Each structure stands twice: as C-alpha cells, then as structure tokens.
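Colleague:
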Amino acid sequence: MYARAMPLYYFNLYNDAVTMDDEGVELADPEAARAHAIKEARHMAADSVLQGHFACSHRIEFVDGERAPVGAVRFDEAVEVRA
Numbered sequence: 001m002y003a004r005a006m007p008l009y010y011f012n013l014y015n016d017a018v019t020m021d022d023e024g025v026e027l028a029d030p031e032a033a034r035a036h037a038i039k040e041a042r043h044m045a046a047d048s049v050l051q052g053h054f055a056c057s058h059r060i061e062f063v064d065g066e067r068a069p070v071g072a073v074r075f076d077e078a079v080e081v082r083a
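Heads up, the sequence shown is in the working numbering, so the first residue is 1 and it goes up one at a time.
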C-alpha cells in the first residue's frame, strides 16, 4: 500500500517585488500552510527591520496545488506590535 502524499502549497511573496513560488511545500492542510506563511513572514519582516525598514502591507499569499487561493498573511499580521 502506498502512503498518500500531503497536499502541495505555494507561497508567493508580495513586497518591493513579486516573487512567485515555483517549488511549493507539502503540508498537511490549510492551517499548516497558514502557520508556514506566518513563520516565513516573520523571518522576512525581521530581515526588513535589520535593513532599517518595515512595510506593513507586504504579504505572503498561499495557494494550493491547483494554484487556487487559500489565504494570505500580511507582515503586520504575523507580529504583535507593542507600544
């Protein structure tokens, strides 16, 4: 018996340029895809801050293996901003 492959999700980056994901990541479900997008948005937001800027509107949109929209995470949604 063959194990069923997990669904494939693609993570497209919309920041100063648009970067389309050509490889994708196998993840269990849409919730796991959202968690992955949040983690990646946090890494990219941190890199932006290290370069001296942060754009709240930058985002990662994730789509399924058929390239149908599943969700999106804006950088400002991936972090808690405290005063």
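Positions of the beta carbon are idealized from the N, C-alpha and C atoms, including for glycine.
For clarity, every value in this text was computed on a predicted model and none was experimentally measured.
How long is the line joining the alpha carbons of residue 39 and residue 5, rounded to whole angstroms?
Modeller: Taking the sequence shown and counting its residues from 1, one reaches residue 39 at position 39. Taking the sequence shown and counting its residues from 1, one reaches residue 5 at position 5. Residue 39 and residue 5: Cα-Cα distance of roughly 23 Å.
Colleague: Per DSSP, what kind of secondary structure is residue 70 in: helix, strand or coil?
Modeller: By one-based count along the sequence shown, residue 70 stands at place 70. Strand, per DSSP.
Colleague: Taking only heavy atoms of the ligand MN into account, decide whether any of them is closer than 7 Å to the Cβ of residue 26.
Modeller: You won't find the ligand MN in this model; it holds no ligand whatsoever.
Colleague: What residue from 83, 58, 10 has the CA that sits closest to residue 32's CA?
Modeller: Locating residue 32 in the sequence shown gives position 32, where the first residue counts as 1. Out of 83, 58, 10, 10 has the C-alpha closest to the C-alpha of residue 32.
Colleague: By how many angstroms is the C-alpha of residue 54 removed from the C-alpha of residue 77?
Modeller: Walking along the sequence shown from the start, residue 77 turns up at place 77. Walking along the sequence shown from the start, residue 54 turns up at place 54. So the two alpha carbons sit approximately 13 Å from each other.
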